[in-house]
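Take a look at the structure below.
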Amino acid sequence: MSVLAVTEHRRGELRTPSFEVITAGRDLADALGDDLHLAVIGGDVDAFAADLNREGVDVIHTVDEGEEFNHDVYTQAVTALAENLDPAALLMPNTVNGLDYAPAVADRLDRPLVTDAVAFDHDGTLAVTREQYGGKVETTLDVDAAEIALTIRPAEWPAAEGDGDAEVTAFDVDIDESAVRSDVTGFEEVGSGDVDITEADVLVSIGRGIEEEENLPLVETLADALGATLSSSRPIVDNGWLPKNRQVGQSGKVVTPDVYIAIGISGAVQHVAGMKGSDTIIAINTDPNAPIMDIADYAIVDDLFDVVPELIEEFGGQVPS
Ligand code: FAD
């Protein structure tokens with residue numbers, strides 16, 4: 006028996022959750038005393054396999070089918086590989102793509118599926134932790150470690166590092182083309198010329214403390230001065246001040262930048278769910294007891310309308326009038 010983890014890519018790049026499922030998969034494989042197998046499906050599978058060859062990976066299965074993610078191809082390929090390997094645990098990222106095919110695969114394999122796992126513990130039985138009600142309630146499920154499918158929440162396990170010496174092997178799947186019902190014909194970015202906040206190294210994130218839309222240029226100028234990308238908490242998006250793709254959190258994007266600067270953000274559980282994996286968290290908030298302070302590495306307890314202009318000047322920017 007083994008552990009099989011499925012990776013993902015988009016537009017020629019492996020996505021960060023691919024490296025996190027390696028860490029989660031290795032943890033589980035260690036607990037079970039098993040090998041860790043990876044699957045990489047579609048795109049430049051050889052280049053992807055070379056990049057995925059990290060410490061702790063035993064075997065990488067490449068499935069040379071298609072260029073981009075396709076629900077039907079992934080469902081068929083992962084099902085076929087899992088039927089062939091019969092892994093104890095099958096791990097998939099809890100991402101838009103992962104959630105698209107994981108239930109179909111679990112159904113075909115007739116396995117229970119636990120989605121959005123944030124931790125697991127193996128002590129005889131496998132205990133999988135999930136969060137509910139926006140992180141207010143934690144549930145632990147005892148499952149059969151010998152036959153389970155799991156989706157792994159992004160940013161809960163660190164990305165795997167270190168070079169590995171995995172065996173890379175091609176896996177041929179006889180894809181039933183008549184059951185492939187969709188095709189990727191192109192990509193269109195959401196919003197006019199907007200950015201992907203999940204790819205940013207530094208995020209300047211703004212919350213309700215900014216008070217009015219007219220004050221946004223202040224934080225935009227700080228972001229420019231730092232070479233950072235602007236993101237926000239949900240109220241800013243709900244007010245229509247920034248597009249939805251800038252929202253960090255449970256109902257927004259999960260981000261893992263090197264530096265996350267939370268300005269006028271209280272740190273509600275739904276927000277923290279999207280940014281707690283950031284390397285360094287800096288909070289600017291007038292309230293020393295705001296929940297964001299519990300996870301901040303550095304904090305400035307002061308009025309953002311005093312602090313931000315000083316930071317802009319410090320980093321060579323021009324404070325908007
Ligand atoms: P507030 O909680 O109002 O905090 C504002 C902060 O600014 C306060 O801490 C205050 O002390 C500080 N402040 C005020 N003035 C200043 C000043 N002049 N200088 C410095 N600091 C100042 N939220 C998300 O962000 N992302 C999500 O994805 C998300 N999903 C949700 C999903 C569900 C199902 C639900 C129920 C809620 C969700 N929320 C989400 C909303 C979440 O519960 C909070 O309401 C929201 O995160 C609060 O945003 P905020 O921190 O900007 O505002």
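Numbering (the working numbering), first residue to last: 6 to 326. All C-beta atoms in this analysis are idealised placements derived from N, C-alpha and C, irrespective of residue type, glycine included. Given the structure is predicted, the values throughout are model-derived calculations rather than measurements.
Note that the C-beta distance between residue 63 and residue 90 is not below 8 Å. The Cβ atoms of residue 178 and residue 110 do not sit closer than 8 Å to each other. In the structure shown, residue 125 adopts extended strand secondary structure according to DSSP, grouped into three states. A straight line joining the alpha-carbon of residue 70 with that of residue 19 spans about 16 Å.
The shortest CA-to-CA distance from residue 282 to any of 271, 242, 258 is the one to 258. The beta-carbon separation of residue 284 and residue 264, rounded to 7 Å, stays under the 8 Å limit for a contact. DSSP places residue 81 in the helix class (H, G or I) of the three-state scheme. The continuous stretches of alpha helix (DSSP H) do not include residue 163, and DSSP gives it neither H nor E. Rounded to the nearest whole angstrom, the CA to CA distance from residue 24 to residue 97 is 11 Å. For residue 13, the CB contacts under 8 Å within the same chain, skipping 5 residues up- and downstream, are 19, 20, 22, 23, 74, 98, 100, 102, 103 in chain order.
Per the C-alpha coordinates, the member of 33, 121, 226 positioned closest to residue 319 is 226.
Residue 303 has 287 as its beta-bridge partners, per DSSP.
If you check the C-beta of residue 279 against ligand 1, you find a heavy atom less than 7 Å away.
Residue side-chain check: residue 101 keeps its Cβ at 7 Å or more from all non-hydrogen atoms of ligand 1. Counting only runs of 4+ residues, no alpha helix (DSSP H) is found wholly inside the region 188 to 223.
As computed with DSSP, residue 67 is found in a beta bridge with 45, 175. In the DSSP assignment, residue 326 falls outside any alpha helix (DSSP H), carrying neither H nor E. In this structure, residue 81 has its CB at a distance of at least 7 Å from all heavy atoms of ligand 1. Taken from the Cβ of residue 276, at least one heavy atom of ligand 1 lies inside 7 Å.
Excluding five sequence positions before and after residue 95, the CB atoms of its chain that fall closer than 6 Å to its own CB belong to 9, 87, 154, given in chain order. In chain order, 27, 31, 41, 165, 169 place their CB closer than 7 Å to the CB of residue 61, counting only its own chain and leaving out the 5 sequence neighbours on each side.
Contact between the region 291 to 299 and the region 264 to 276 is present: three or more C-beta pairs spanning the two stretches fall below 8 Å. For residue 23, the uninterrupted alpha helix (DSSP H) run begins and ends at 21 to 37, by DSSP.
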